[in-house]
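Enquirer: Chains as they are written, first to last, in the numbering used here: chain A, 108 to 399; chain B, 379 to 1036. Cβ coordinates follow ideal geometry from the N, Cα and C atoms, glycine included. Small disclaimer: the values here were computed from a predicted structure and weren't measured.
(1) So is residue 559(B) in contact with chain A if we call contact Cβ pairs under 8 Å?
(2) Once DSSP output is grouped into helix, strand and coil, what is the label at residue 396(A)?
(3) Identify the contact partners of residue 835(B) in chain A, using a Cβ-Cβ distance below 7 Å as the criterion.
(4) From residue 259(A) to residue 577(B), what does the alpha carbon distance come to, in whole angstroms?
(5) What is the rounded straight-line gap between the Cα of residue 610(B) and the Cα of residue 764(B)?
(6) Leaving out the 5 sequence neighbours to the left and right, which residues in its chain are closer than 8 Å to residue 748(B) when beta-carbon positions are compared?
(7) Rounded to a whole number of angstroms, what is the C-alpha to C-alpha distance between residue 557(B) and residue 539(B)?
(8) Which residues in the same chain have their Cβ closer than 7 Å to the Cβ of residue 505(B), if we skip the five residues on either side of it in sequence?
(9) Quick one: using the 10 Å Cβ neighbour count with 16 as the cut-off for buried, is residue 630(B) buried or exposed?
(10) Between the C-alpha atoms of residue 277(A) and residue 572(B), what's the straight-line distance to the nearest angstrom?
(11) Among all the DSSP beta bridges, which residues are the ones paired with residue 996(B)?
(12) Could you give the distance in angstroms between the alpha-carbon of residue 822(B) and the alpha-carbon of residue 676(B)?
(13) Taking Cβ-Cβ distances shorter than 9 Å, what residues in chain B pair up with residue 217(A)?
(14) In the DSSP assignment, the alpha helix (DSSP H) including residue 479(B) goes from what residue to what residue?
(15) According to a CB-to-CB cut-off of less than 9 Å, which residues of the stretch 662-678 of chain B neighbour chain A?
(16) Helix, strand or coil for residue 166(A), going by three-state DSSP, please let me know.
(17) Consider the Cβ of residue 781(B): report whether some Cβ of chain A lies at a distance smaller than 8 Å.
(18) Between residue 881(B) and chain A, is any beta-carbon pair separated by less than 8 Å?
(19) CA-CA distance, residue 984(B) and residue 904(B)?
(20) Based on Cα-Cα distance, which residue from 1025(B), 848(B), 483(B) lies nearest to residue 857(B)?
(21) Residue 823(B) CB to nearest chain A CB: under 8 Å?
(22) Let's test the definition: count the other Cβ atoms within 10 Å of the Cβ of residue 590(B) and tell me whether it reaches 16, buried, or not, exposed.
(23) Starting from residue 239(A), trace the alpha helix (DSSP H) in both directions and tell me its first and last residue.
(24) Any residues in the stretch 621-645 of chain B with a beta carbon nearer than 7 Å to a beta carbon of chain A? Which ones, in chain order?
(25) Does the beta-carbon of residue 728(B) have 16 or more other beta-carbons within 10 angstroms, so that it is buried, or is it exposed?
(26) For residue 134(A), decide whether its Cβ has a neighbour in chain B, counting only Cβ atoms nearer than 8 Å.
(27) Under 8 Å, with one C-beta from each stretch per pair, do the stretch 579-586 of chain B and the stretch 599-613 of chain B reach the 3-pair mark?
(28) For residue 917(B), decide whether its Cβ has a neighbour in chain A, counting only Cβ atoms nearer than 8 Å.
(29) Are there three or more Cβ pairs, one per stretch, closer than 8 Å when the stretch 683-703 of chain B is compared with the stretch 716-735 of chain B?
(30) DSSP state of residue 124(A), grouped into three classes?
(31) With residue 382(A) as the anchor, note down where its beta strand (DSSP E) starts and where it stops.
(32) Please tell me whether residue 853(B) has its Cβ less than 8 Å away from any Cβ of chain A.
(33) Could you tell me which chain A residues have their CB closer than 8 Å to the CB of residue 731(B), listed as they occur along the chain?
(34) Does any C-beta atom of chain A lie closer than 8 Å to the C-beta of residue 535(B)?
(35) Quick test of your reading: residue 1023(B) and residue 439(B), contact by CB under 8 Å. State the CB separation rounded to the nearest angstrom.
(36) Tell me which same chain residues have a C-beta within less than 8 Å of the C-beta of residue 827(B), skipping the five on either side of it?
Below, the structure is given as structure tokens:
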């Protein structure tokens, strides 16, 4: 067994170059890497790559060290996003991060991990951006139209630095649509700040549970007060509570909430703002009509 | 806050003590934001920025300004970031970040302490002003009394999160955390007593505490996270009024003037929940990876509610007026909520990837309540007791399979199918013959897309999905729809990047009782120029055009005629940011940025919103920088001109970096 072990070690040593050898040429990267959280791979024996941290990602480097040819070493920066993700996730999958667990890559075949994370800290870019403004700047680089929504007057205050994209979204994947972060166990991330809307309410307003906050709100930004999807609250309500005969359960395709609990004269301004009376529109503790 | 400023002052003094010759004297040109070389034995490195904001105005509607911008005049700690060098054996890294303290509406602080392989402690704190005094009435031509919004609040949201992770990076790593979120302040809400409603003052006070503990295990390609947590919730809001209030219904009702003379309304809500999380990921074979989640929570709430109202009210059930009404209610709600998902990714051959995803979400809310109402009028009393129960059931499922194939080394195409199905049961309308309403979800969606990369210079992707017919929960849900999202970026010369983004969602429901036609479109283009990595010049130009068009039928109960709810918005957003940092001359290297954003929309609610800005940074000495920033905020609502505001702001600050 000793012989087998020695042979295996000799083979490993044969194909690996060691981080010191890498540093001889890549001096600047090596110095930057010492300030990088990944440097723990170099120093911690438990992680299995002590002394070979560069090769943990770049693969065996002995051949490259001899030939100095770029083609003789793996460059994750030039790999496809899928290959990048596979490489990084071999260590980081399921890892808990401040924005939620690392479930997967960012998009179907979109930017890989190095699209957002600067592994070596080149150009003074950190491995992880942490300041809200920096996070928003990074995301806005690709999500231009979303960032444009935040330039509207009524919005979550990202442009003001109050929040960042990752306060609501987990860029590493989520079991909720739009990569929404989850709060508690399996509830939308919105409830992390708006806990009073979590419930369970004695009388629920079904769309909150069935289609989520975005059924009525534009969470990124809106030209409409209260960040609603329409210019006046009554139109948001009337699109579902239309008073029109809806298909009933006996028919093939019933829908919910077509008939409102009361008929109001919408010509009267008092009845044109539904939430003036239905103040508990997100759900009520004591009233089925959501009035209190 | 004072303590923080004091600490900040000490830090400034401490780091200033170590400061040697200024850059001007030594002749070195300190780049404004570049970290200054730190002496090897320096225990602290980082930056601190202190300043003062001057605000002119706001001119126009100050309440809308506060609801939209909310920046005020005064001294500010703009930012504080520092890292403490390793102190053996306590920690290897200690980082502190703080921003916007001293009266700004959004304060944040974060501390991270870590000793490699032993522990990692993070603490995060946010304090956000949540002010809303936006007129939310439907008809701007209504009487002046309605111009004061009847739903507003002057509140703050505070959230804290502390987490301690033991043995980070080891094969087994336990962790513990606590987080708290609270909302508190004052506001205006409405007390409704048919047919009138009365704006009254209310107090808001709720909080949620979450405790969690878990363990992360990783060994031989298997990653497992097990977490158990619990939450407590309390809501002690209330409304009160002691002044005579005629409400919105100012005419007499059957000869009587309705009014509210006093109100006391109190909620005492208590809730708790336990939850369980299990996340598993594994690579059982070199070509197969599997991950799954199981999530379960069981939140429950108990409500105690009392209200006492005096005035002149009308009771439709008896067709009589009454002068005093008191309500007592108790209620319980319980909502077990189970979710699970499974993701399998197979790579049977090198170029092919098959991803299968399945998820389920089951939520059953069952509640019971007892409401006792007492109405007093001259010489008589009415007492009613109303036991009630309610239900909301949701069973949602999704299955998706998608195949990715690398057609060329730079080109990946993918296609697949998603099937969503489920059922929901909710409380029926009082006008409906059914106490419960049910609906089903059945939607089959086709998926297709492609992504292309050429070296590091070109990246393009497109994703398309479409569904026809099926069943849905609501009239406005996706029915016959298609959605396209495409992005491209091209680095056509060194330092130059051109990018574009196109999104369109088209949804319609031809059912005669619905007749929904919805389109949402957004097109963006951006051009950036960062020669030499933007060290001396950077230019960013962005433009987005968006369009939302929605038409759906409803029945106007006033005319009993079918009406069209038509919504149209054509929005244009432009952002420009030009940053100039000329080469230093005699150690003087100022940096000048200007630009800003504008948004203008036409349609159902035309709006113009301008935010130009200009910033000048001048290094005064080694690591010391003077910043000044001018901002202008201007909102113009063409249909609601009384909401307009304008504000000029100037922030001057000193930033010290080492």
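Expert: Let me lay it out:
(1) Taking the first residue of the second chain as 1, we reach residue 559(B) at position 181. Yes, residue 559(B) lies at the interface with chain A (some Cβ there is under 8 Å from its Cβ).
(2) Within the first chain, residue 396(A) is the residue found at index 289, counting from 1. Looking at residue 396(A) - three-state DSSP - the assignment turns out to be coil, as it is neither helix nor strand.
(3) In the second chain, the residue the question calls residue 835(B) occupies position 457. Counting only Cβ-Cβ distances below 7 Å, residue 835(B) has no contacts in chain A at all, with the closest Cβ about 12 Å away.
(4) Within the first chain, residue 259(A) is the residue found at index 152, counting from 1. Within the second chain, residue 577(B) is the residue found at index 199, counting from 1. Within the model, the alpha-carbon separation for residue 259(A) versus residue 577(B) is close to 29 Å.
(5) Taking the first residue of the second chain as position 1, residue 610(B) is located at position 232. Taking the first residue of the second chain as position 1, residue 764(B) is located at position 386. Distance between the alpha carbons of residue 610(B) and residue 764(B): 29 Å.
(6) Translated into the one-based positions of the second chain, residue 748(B) becomes position 370. So the list reads 707, 708, 709, 763, 764, 765, 766, once near-sequence residues are dropped.
(7) In the second chain, the residue the question calls residue 557(B) occupies position 179. In the second chain, the residue the question calls residue 539(B) occupies position 161. Approximately 4 Å, taken between the alpha carbons.
(8) Position 127 of the second chain, counted from the start, is the residue given in the question as residue 505(B). For residue 505(B), where only same-chain residues beyond five positions count, the Cβ hits under 7 Å are 485, 534, 536.
(9) Translated into positions along the second chain, residue 630(B) becomes position 252. Exposed, since its Cβ has fewer than 16 Cβ neighbours within 10 Å.
(10) Along the first chain, one-based indexing puts residue 277(A) at 170. Along the second chain, one-based indexing puts residue 572(B) at 194. Pairing residue 277(A) with residue 572(B), the inter-Cα distance amounts to about 45 Å.
(11) For the purposes of this step, residue 996(B) is identified with residue 618 of the second chain, where counting begins at 1. Residue 996(B) is bridged to 1004(B).
(12) Indexing the second chain from 1 puts residue 822(B) at position 444. Indexing the second chain from 1 puts residue 676(B) at position 298. Pairing residue 822(B) with residue 676(B), the inter-Cα distance amounts to about 31 Å.
(13) Walking along the first chain from the start, residue 217(A) turns up at place 110. The contacting residues are 829, 837, 839, 865.
(14) The sequence position of residue 479(B) within the second chain is 101, counting from 1. No alpha helix (DSSP H) holds residue 479(B); the beta strand (DSSP E) holding it covers 471-479.
(15) Against chain A - using a Cβ distance shorter than 9 Å - the residues of the stretch 662-678 of chain B are 667, 669, 671, 673, 674, 675, 677, 678.
(16) To locate residue 166(A), count along the first chain from 1; it is residue 59. Residue 166(A) falls in the coil class under three-state DSSP.
(17) Position 403 of the second chain, counting from 1, holds the residue named residue 781(B). No, no contact with chain A.
(18) Position 503 of the second chain, counted from the start, is the residue given in the question as residue 881(B). It does; some Cβ of chain A falls within 8 Å.
(19) The residue labelled residue 984(B) in the question sits at position 606 within the second chain. The residue labelled residue 904(B) in the question sits at position 526 within the second chain. Taking the straight line from one Cα to the other gives about 25 Å.
(20) On the second chain, position 479 is the one that residue 857(B) refers to. Relative to the Cα of residue 857(B), the nearest Cα in the group 1025(B), 848(B), 483(B) belongs to 848(B).
(21) Stepping through the second chain from its first residue, residue 823(B) is reached at position 445. Taking 8 Å as the threshold, the shortest C-beta distance from residue 823(B) to chain A does not fall below it.
(22) For the purposes of this step, residue 590(B) is identified with residue 212 of the second chain, where counting begins at 1. With 16 or more other Cβ atoms within 10 Å, it is buried.
(23) Translated into positions along the first chain, residue 239(A) becomes position 132. Here the alpha helix (DSSP H) through residue 239(A) covers 239-247.
(24) Residues of the stretch 621-645 of chain B with a C-beta less than 7 Å from any C-beta of chain A: 626, 627, 645, listed in chain order.
(25) Indexing the second chain from 1 puts residue 728(B) at position 350. It counts as exposed.
(26) The residue labelled residue 134(A) in the question sits at position 27 within the first chain. Cβ-Cβ to chain B under 8 Å: no for residue 134(A).
(27) The stretch 599-613 of chain B and the stretch 579-586 of chain B touch, with three or more beta-carbon pairs separated by less than 8 Å.
(28) Translated into positions along the second chain, residue 917(B) becomes position 539. Against chain A, the CB of residue 917(B) has no partner CB under 8 Å away; the residue lies outside that interface.
(29) Because the criterion of three Cβ pairs below 8 Å is not met, the stretch 683-703 of chain B and the stretch 716-735 of chain B do not touch.
(30) In the first chain, residue 124(A) corresponds to position 17, counting from 1. Reduced to three states, the DSSP call for residue 124(A) is coil.
(31) Taking the first residue of the first chain as 1, we reach residue 382(A) at position 275. Unbroken run through residue 382(A) is the alpha helix (DSSP H), 381-384; no beta strand (DSSP E).
(32) For the purposes of this step, residue 853(B) is taken as residue 475 along the second chain, with counting starting at 1. So yes, residue 853(B) belongs to the interface.
(33) Locating residue 731(B) in the second chain gives position 353, where the first residue counts as 1. By Cβ distance, chain A contributes 189.
(34) Translated into the one-based positions of the second chain, residue 535(B) becomes position 157. Taking Cβ atoms only, chain A reaches closer than 8 Å to residue 535(B), which makes this a yes.
(35) The residue labelled residue 1023(B) in the question sits at position 645 within the second chain. The residue labelled residue 439(B) in the question sits at position 61 within the second chain. Beta-carbon to beta-carbon, residue 1023(B) and residue 439(B) are separated by about 5 Å, close enough to satisfy the 8 Å threshold.
(36) In the second chain, counting from the first residue as 1, residue 827(B) sits at position 449. If the five residues before and after residue 827(B) are omitted, its C-beta is found closer than 8 Å to the C-beta atoms of 791, 792, 793, 839, 840, 841, 842, all from its own chain and listed in chain order.
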